[in-house]
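Undergrad: Per this note's numbering, the very first residue in the sequence shown carries number 137; after that it's consecutive.
For every residue, glycine included, the Cβ atom is placed at its ideal position computed from N, Cα and C.
Computed from a predicted structure; not experimentally measured.
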Amino acid sequence: MIGSKAIYSALKQGEFRTALAHLSGIVFGISKFLPPASTVDFRKAELKSAKSANEFISLLITNHQEIDSALEVAKKLVNVNLSQSTEKLNEPARWNSGVELQHILTALIILTKPKIVVETGTANGASAAAILAGLEYNKEGHLWSFDIKFANPVLIEERLKKRVTFVKVSGEESELAKQLADIKQNNKGFSIFLHDADHSYLGQQSDYRLAKSNGFDLILSDDIDASLAFCEFANAQGVTLYDAPKFIGAVRNSGL
137 MIGSKAIYSA
147 LKQGEFRTAL
157 AHLSGIVFGI
167 SKFLPPASTV
177 DFRKAELKSA
187 KSANEFISLL
197 ITNHQEIDSA
207 LEVAKKLVNV
217 NLSQSTEKLN
227 EPARWNSGVE
237 LQHILTALII
247 LTKPKIVVET
257 GTANGASAAA
267 ILAGLEYNKE
277 GHLWSFDIKF
287 ANPVLIEERL
297 KKRVTFVKVS
307 GEESELAKQL
317 ADIKQNNKGF
327 SIFLHDADHS
337 YLGQQSDYRL
347 AKSNGFDLIL
357 SDDIDASLAF
367 CEFANAQGVT
377 LYDAPKFIGA
387 VRNSGL
């Protein structure tokens, strides 16, 4: 069969996403796993579109009067934490979370005072640095940062590393599921989950599903335009914001 030969050829060349597209096309007729999401898809899913970081946060939490001041603090903290030279990054700079997301992460942590924060995808540590800046400002809370590589996040200051645990995982959903269950069982309080790892449809779908099932209060995601997963997961409960050159999204778990 032509289809099976195409799948074999793609796998042989290491083009797993292409192979998945062929397989999806055979099984479903049209591949749902590979296409990126557009603003048209966001509108169809009835996702709310925020025009600013302030509006984005205000659609997620209730203490609106404090958002401006929290964002001002966040901008100062993040600028300090990311002022280090980026000449020796371990991973491509394009893998870093955008500045808007960094500010939002820090501000949300200042506002919600979470005890538990989890992110998937450590990379250079841009998002982790923003999260840790907020946790240190609050003087409480801890970050668990998961990646399939051993972490060497050069953007995180040494003084902040006391509030983070780096965890190397295999990429298997069952392993991450056990880790998240253990974290939630042994730590109580408000919790935030950030997806910033495998941006394929299945990778995003898996992270969102695990975050929801483990009861994380806020679920955020970078690169929601990379696949249709966030549209299907969040629907009208989701909030989006353009963080050039990509989109970020978030949803309150209580609304799902």
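First and last residue of the beta strand (DSSP E) that includes Arg-134?
TA: Coverage of the chain is limited to positions 137 through 392, which leaves residue 134 absent and any answer about it impossible.
Undergrad: Can you name the residues that DSSP bridges to Lys-304?
TA: Asp-283
Undergrad: Sorted by chain position, which residues of the same chain lie with C-beta nearer than 6 Å to Ala-206's C-beta, five sequence neighbours on each side aside?
TA: Ala-243, Ile-246, Leu-247
Undergrad: For Ser-233 versus Ser-263, is the C-beta distance shorter than 8 Å?
TA: yes
Undergrad: Which whole-angstrom value describes the C-beta separation of Thr-376 and Lys-180, a residue pair presumed to lie in contact below a C-beta threshold of 8 Å?
TA: Thr-376 to Lys-180, Cβ: 13 Å. No contact.
Undergrad: May I ask you to report which of helix, strand or coil DSSP gives Thr-376?
TA: strand
Undergrad: Could you check what DSSP says for Ile-252 in three-state terms: helix, strand or coil?
TA: strand
Undergrad: Assuming Ile-355 contacts Val-387 under a Cβ cut-off of 8 Å, what Cβ separation, rounded to an integer in Å, is found between them?
TA: Rounded, the Cβ-Cβ distance is 5 Å, consistent with contact.
Undergrad: For the structure I just gave you, are there three or more beta carbon pairs, one from the region 300-318 and one from the region 254-271, closer than 8 Å?
TA: At 8 Å Cβ cutoff, the stretches touch.
Undergrad: Can you give the Cα-Cα distance for Ser-390 and Tyr-378, rounded to whole angstroms?
TA: When rounded, the distance between both Cα atoms is 24 Å.
Undergrad: For Ile-292, which three-state DSSP category applies?
TA: coil
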